[in-house]
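Novice:
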Amino acid sequence: MGYKRPRLEDLKGEDPRNIAAFLMRHGWERTGGRDGYDRYRFKDGRSNTEQQSVIVPLDQSWADYDELLGELLLRIEATSPEVGPLMVKELLERSLGDELKFRKDVSTIGGAVAWSAGRDLIWAAENILLAGAKTRLSRRAYYGQANGRFAHRFLDSVLMGQTEIGSYVVTAFAPPHEAFPDRAPKVDAPSIAGLGTYTGREIVESVVGGLESTVEALEHYKTTNSMSGFERGVSSGVSREMVEAVRRMVVDSDGADVTVEWSGEVVASQPLQAKTHLAFEGSAAPVLERAGHTLASLQPAEHVTAVGRLSLVSRPKRGEMGVVRLKVSAGSEASTLQIRLSEESFEVAAAAIAHEEEVQVTGRQERDGNRYWLYDADLDVVPAALNDVGQLF
Numbered sequence: 038m039g040y041k042r043p044r045l046e047d048l049k050g051e052d053p054r055n056i057a058a059f060l061m062r063h064g065w066e067r068t069g070g071r072d073g074y075d076r077y078r079f080k081d082g083r084s085n086t087e088q089q090s091v092i093v094p095l096d097q098s099w100a101d102y103d104e105l106l107g108e109l110l111l112r113i114e115a116t117s118p119e120v121g122p123l124m125v126k127e128l129l130e131r132s133l134g135d136e137l138k139f140r141k142d143v144s145t146i147g148g149a150v151a152w153s154a155g156r157d158l159i160w161a162a163e164n165i166l167l168a169g170a171k172t173r174l175s176r177r178a179y180y181g182q183a184n185g186r187f188a189h190r191f192l193d194s195v196l197m198g199q200t201e202i203g204s205y206v207v208t209a210f211a212p213p214h215e216a217f218p219d220r221a222p223k224v225d226a227p228s229i230a231g232l233g234t235y236t237g238r239e240i241v242e243s244v245v246g247g248l249e250s251t252v253e254a255l256e257h258y259k260t261t262n263s264m265s266g267f268e269r270g271v272s273s274g275v276s277r278e279m280v281e282a283v284r285r286m287v288v289d290s291d292g293a294d295v296t297v298e299w300s301g302e303v304v305a306s307q308p309l310q311a312k313t314h315l316a317f318e319g320s321a322a323p324v325l326e327r328a329g330h331t332l333a334s335l336q337p338a339e340h341v342t343a344v345g346r347l348s349l350v351s352r353p354k355r356g357e358m359g360v361v362r363l364k365v366s367a368g369s370e371a372s373t374l375q376i377r378l379s380e381e382s383f384e385v386a387a388a389a390i391a392h393e394e395e396v397q398v399t400g401r402q403e404r405d406g407n408r409y410w411l412y413d414a415d416l417d418v419v420p421a422a423l424n425d426v427g428q429l430f
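Residues in the sequence shown are numbered consecutively from 38, following our numbering.
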């Protein structure tokens with residue numbers, strides 16, 4: 038009574054990763070696979086018979102994808118009859134997941150905002166999610182490329198929702214049940230349940246933890262004018278990447294906030310309110326920029342003196358430094374260096390660009406992804422008599 042046999046039509050168009058995530062929640066474990074499919078085994082203490090093994094096809098473009106999906110349903114039914122209809126019900130009726138809304142308070146005209154403001158908010162939302170995911174594996178003041186692949190595997194599973202009329206909001210839906218291994222699984226390698234794997238809910242909790250600690254560090258700075266709150270916050274998820282992403286969210290705004298509505302489908306690892314709200318003032322932008330430099334300085338750095346020609350990236354504006362790019366001819370392994378400069382130093386750089394003069398720049402070199410940055414830079418124009426850079430080294 039009440040049994041409804043699962044039909045292939047019910048699952049057509051379903052993301053195969055959602056099917057795999059369901060299996061892992063209901064008694065299966067990944068035991069291997071090849072390009073295009075994964076193999077799962079039902080964990081019930083019995084031997085691994087062929088009947089208890091199922092194949093989840095991953096590539097929906099395959100000509101036999103529907104046939105393999107149909108075989109999967111039949112095998113699930115034979116192995117655990119009660120799970121088949123439950124899978125269809127859960128996948129069809131589930132929510133989109135934990136909902137994160139990133140809002141930037143800027144002037145609008147009929148709900149529209151300046152292109153640069155919208156671009157900054159999307160970049161900030163993406164990088165807050167990435168920074169929070171990185172903290173799930175380890176806590177660092179500055180990540181660079183560390184934990185990047187894990188973070189992007191999580192980001193690839195996040196959905197972007199629609200914005201809202203009359204405001205500028207970026208909405209993200211993170212899958213609370215989906216499991217993310219700390220390393221990409223190798224072909225034919227069995228998984229070890231619970232080891233080096235984190236759920237989407239756990240990662241979103243890390244995102245929120247990093248944002249909460251950033252709020253606390255800003256409050257500490259207000260009363261003490263000290264960066265020590267950011268330094269202590271590293272153990273709670275504060276990082277250079279997180280504070281830079283928040284800075285981009287609040288810059289040129291009257292404030293910004295992040296709201297998280299937790300999906301009721303998951304039993305939380307700790308009691309959670311239905312909604313979490315975190316607010317940031319627009320005036321926090323210069324503090325966050327300074328905090329980013331402080332956190333970057335906590336990592337081992339290389340001090341270099343590089344020579345080359347400059348080009349303009351962005352001029353200084355309210356609450357921000359200017360940025361120039363140095364095409365390196367000597368003194369650094371980097372082919373180009375991005376350099377933030379105070380308004381005074383920027384004027385020297387602008388004159389060097391206008392007169393096509395070479396400059397010598399000394400500072401702390403850091404790598405961020407594929408880019409190199411030079412911090413705390415001292416800049417001087419190379420005298421014409423020394424334009425042969427070989428005389429400088």
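For glycine and all other residues, C-beta sits at the position ideal for the given N, C-alpha and C.
Predicted, not measured: the structure shown is a model, and the values here were computed from it.
Below 6 Å CB to CB, which residues in the same chain sit around D415 once its five sequence neighbours on both sides are set aside?
Specialist: Within the sequence shown, residue 415 is the residue found at index 378, counting from 1. The answer, listed in chain order, is T399.
Novice: Looking only at its own chain, which residues have a Cβ that is under 6 Å from the Cβ of I240, when we skip the five neighbours before and after it?
Specialist: Translated into positions along the sequence shown, residue 240 becomes position 203. Excluding residues within five positions, the ones whose Cβ falls inside 6 Å are A170, R173, F191.
Novice: May I ask which residues mark the beginning and end of the alpha helix (DSSP H) holding E215?
Specialist: Residue mapping note: residue 215 aligns to position 178 of the sequence shown, counting from 1. Premise fails: E215 is in no alpha helix (DSSP H) and is neither H nor E.
Novice: Restricting to runs no shorter than 3 residues, where is the beta strand (DSSP E) found entirely within the region 121-204?
Specialist: Entirely contained in the region 121-204, the beta strand (DSSP E) runs reaching 3 residues are, in chain order, 135-141, 196-198.
Novice: For Y77, collect the residues of the same chain with a Cβ closer than 6 Å to its Cβ; drop the 5 residues on either side in sequence, then sort them by chain order.
Specialist: Start at 1 with the first residue of the sequence shown, and residue 77 comes out as number 40. The answer, listed in chain order, is L60, W65, R67, V91.
Novice: Thinking C-beta only, is V244 closer than 8 Å to F139?
Specialist: The sequence position of residue 139 within the sequence shown is 102, counting from 1. The sequence position of residue 244 within the sequence shown is 207, counting from 1. Cβ atoms of F139 and V244: not closer than 8 Å.
Novice: Would you mind sorting Q397 into buried or exposed? The rule is 16 or more other CB atoms within 10 Å of its CB.
Specialist: Translated into the one-based positions of the sequence shown, residue 397 becomes position 360. Looking at its Cβ environment, which holds 16 or more other Cβ atoms inside 10 Å, Q397 is buried.
Novice: I need the straight-line Cα distance from V361 to S98, nearest angstrom please.
Specialist: Here the question's residue 361 lines up with position 324 in the sequence shown. Here the question's residue 98 lines up with position 61 in the sequence shown. Going from the Cα of V361 to the Cα of S98 covers about 46 Å.
Novice: Kindly indicate which three-state DSSP category G237 falls into: helix, strand or coil?
Specialist: Reading the sequence shown from its first residue, position 200 is the one you call residue 237. Here G237 sits in helix by DSSP.
Novice: Cutting at 6 Å between CB atoms, please list the residues of its own chain near E394, excluding the five before and the five after it.
Specialist: Taking the sequence shown and counting its residues from 1, one reaches residue 394 at position 357. Within the same chain, E394 has close Cβ partners V418.
Novice: Go through its chain and collect everything with a Cβ distance to L105's Cβ below 8 Å, but skip five positions before and after it.
Specialist: The sequence position of residue 105 within the sequence shown is 68, counting from 1. So the list reads Y74, I92, P94, W99, once near-sequence residues are dropped.
Novice: Which term fits W410, buried or exposed, when burial requires 16 or more other beta carbons within 10 angstroms of its beta carbon?
Specialist: Stepping through the sequence shown from its first residue, residue 410 is reached at position 373. Its Cβ being crowded by 16 or more others within 10 Å, W410 is buried.
Novice: Leaving aside the five residues before and after D96 along the sequence, list all residues of the same chain whose C-beta is less than 6 Å from its C-beta, in chain order.
Specialist: Start at 1 with the first residue of the sequence shown, and residue 96 comes out as number 59. Cβ within range, chain order: G73.
Novice: Would you call V297 buried or exposed, if buried means 16 or more other Cβ atoms sit within 10 Å of its Cβ?
Specialist: The residue labelled residue 297 in the question sits at position 260 within the sequence shown. It is buried - the Cβ of V297 has at least 16 other Cβ atoms within 10 Å.
Novice: Counting beta carbon pairs with one atom in the region 156-167 and one in the region 273-282, are three or more of them shorter than 8 Å?
Specialist: A contact exists between the region 273-282 and the region 156-167.
Novice: When you compare only the Cα positions, how much space is there between T251 and G147?
Specialist: Taking the sequence shown and counting its residues from 1, the one referred to as residue 251 is at position 214. Taking the sequence shown and counting its residues from 1, the one referred to as residue 147 is at position 110. Those two C-alpha atoms are separated by around 32 Å.
Novice: Return the Cβ separation of H330 and Y412 in integer angstroms, given the expectation that the two are a contact with Cβ distance under 8 Å.
Specialist: By one-based count along the sequence shown, residue 330 stands at place 293. By one-based count along the sequence shown, residue 412 stands at place 375. The pair is a contact, with the Cβ atoms about 6 Å apart (cut-off 8 Å).
Novice: Is the beta carbon of S290 closer than 8 Å to that of K141?
Specialist: Walking along the sequence shown from the start, residue 141 turns up at place 104. Walking along the sequence shown from the start, residue 290 turns up at place 253. Yes, the Cβ-Cβ distance between K141 and S290 is below 8 Å.
Novice: Touching or not, the region 333-348 and the region 363-373, by the rule of three or more beta carbon pairs under 8 Å?
Specialist: Short answer: they touch.
Novice: Which term fits N262, buried or exposed, when burial requires 16 or more other beta carbons within 10 angstroms of its beta carbon?
Specialist: Along the sequence shown, read from residue 1 onward, the residue named residue 262 stands at position 225. The residue is exposed, with fewer than 16 neighbouring Cβ atoms inside 10 Å.
Novice: Quick one: Cα of K364 to Cα of V150, how far?
Specialist: Locating residue 364 in the sequence shown gives position 327, counting from the first residue. Locating residue 150 in the sequence shown gives position 113, counting from the first residue. Rounded to the nearest angstrom, the two C-alpha atoms are 35 Å apart.
Novice: Report yes if the CB atom of S319 is closer than 8 Å to the CB atom of G292, and no otherwise.
Specialist: Here residue 319 is taken as the residue at index 282 of the sequence shown, counted from 1. Here residue 292 is taken as the residue at index 255 of the sequence shown, counted from 1. Strictly speaking, residue 319 in this sequence is Gly, with Ser absent from that position. It is a contact, given that the beta carbons lie within the stated cut-off.
Novice: Is DSSP giving D413 helix, strand or coil here?
Specialist: What you label residue 413 is simply residue 376 of the sequence shown in a count that begins at 1. Strand.
Novice: How long is the line joining the alpha carbons of R352 and F383, rounded to whole angstroms?
Specialist: Along the sequence shown, one-based indexing puts residue 352 at 315. Along the sequence shown, one-based indexing puts residue 383 at 346. About 8 Å.
Novice: Taking its Cβ as the centre, do 16 or more other Cβ atoms sit within 10 Å of G237, making it buried, or is it exposed?
Specialist: Locating residue 237 in the sequence shown gives position 200, where the first residue counts as 1. It is buried - the Cβ of G237 has at least 16 other Cβ atoms within 10 Å.
Novice: Per DSSP, E339 is paired with what?
Specialist: Taking the sequence shown and counting its residues from 1, the one referred to as residue 339 is at position 302. Paired residue(s): Q402.
Novice: Could you spell out the range, first to last residue, of the beta strand (DSSP E) harbouring V297?
Specialist: Position 260 of the sequence shown, counted from the first residue, corresponds to residue 297. It spans 293-298 - the beta strand (DSSP E) in which V297 sits, taken as one unbroken run.
Novice: Quick one: grab the DSSP three-state call for L374.
Specialist: If you number the sequence shown from 1, residue 374 lands on position 337. Note: L374 maps to strand in three-state DSSP.
Novice: Should D101 and V288 be called a contact, given that it needs their Cβ atoms to be closer than 8 Å?
Specialist: As a working mapping, residue 101 is identified with position 64 in the sequence shown. As a working mapping, residue 288 is identified with position 251 in the sequence shown. No, these two residues do not count as a Cβ contact at 8 Å.
Novice: Provide the residue span of the alpha helix (DSSP H) that contains V280, from first to last.
Specialist: Locating residue 280 in the sequence shown gives position 243, where the first residue counts as 1. Segment 277-287, the alpha helix (DSSP H) holding V280.
Novice: Among P218, R176, E201, which has the Cα closest to the Cα of H189?
Specialist: Translated into the one-based positions of the sequence shown, residue 189 becomes position 152. It is P218 whose Cα lies nearest to the Cα of H189.
Novice: Please list the segments of the alpha helix (DSSP H) lying wholly inside the region 60-115, counting only runs of 4 or more residues, in order along the chain.
Specialist: With a minimum length of 4 residues, no continuous alpha helix (DSSP H) run stays inside the region 60-115.
Novice: Applying the 10 Å Cβ sphere with the 16-neighbour rule, what's the burial state of A115?
Specialist: Taking the first residue of the sequence shown as position 1, residue 115 is located at position 78. Looking at its Cβ environment, which holds fewer than 16 other Cβ atoms inside 10 Å, A115 is exposed.
Novice: Could you check if A440 is buried or exposed, using at least 16 other CB atoms within 10 Å of its CB as the buried criterion?
Specialist: Outside the shown range of the chain (38 to 430) lies residue 440, about which nothing can therefore be said.
Novice: Identify whether H392 lies in helix, strand or coil by the three-state DSSP scheme.
Specialist: Locating residue 392 in the sequence shown gives position 355, where the first residue counts as 1. Coil.
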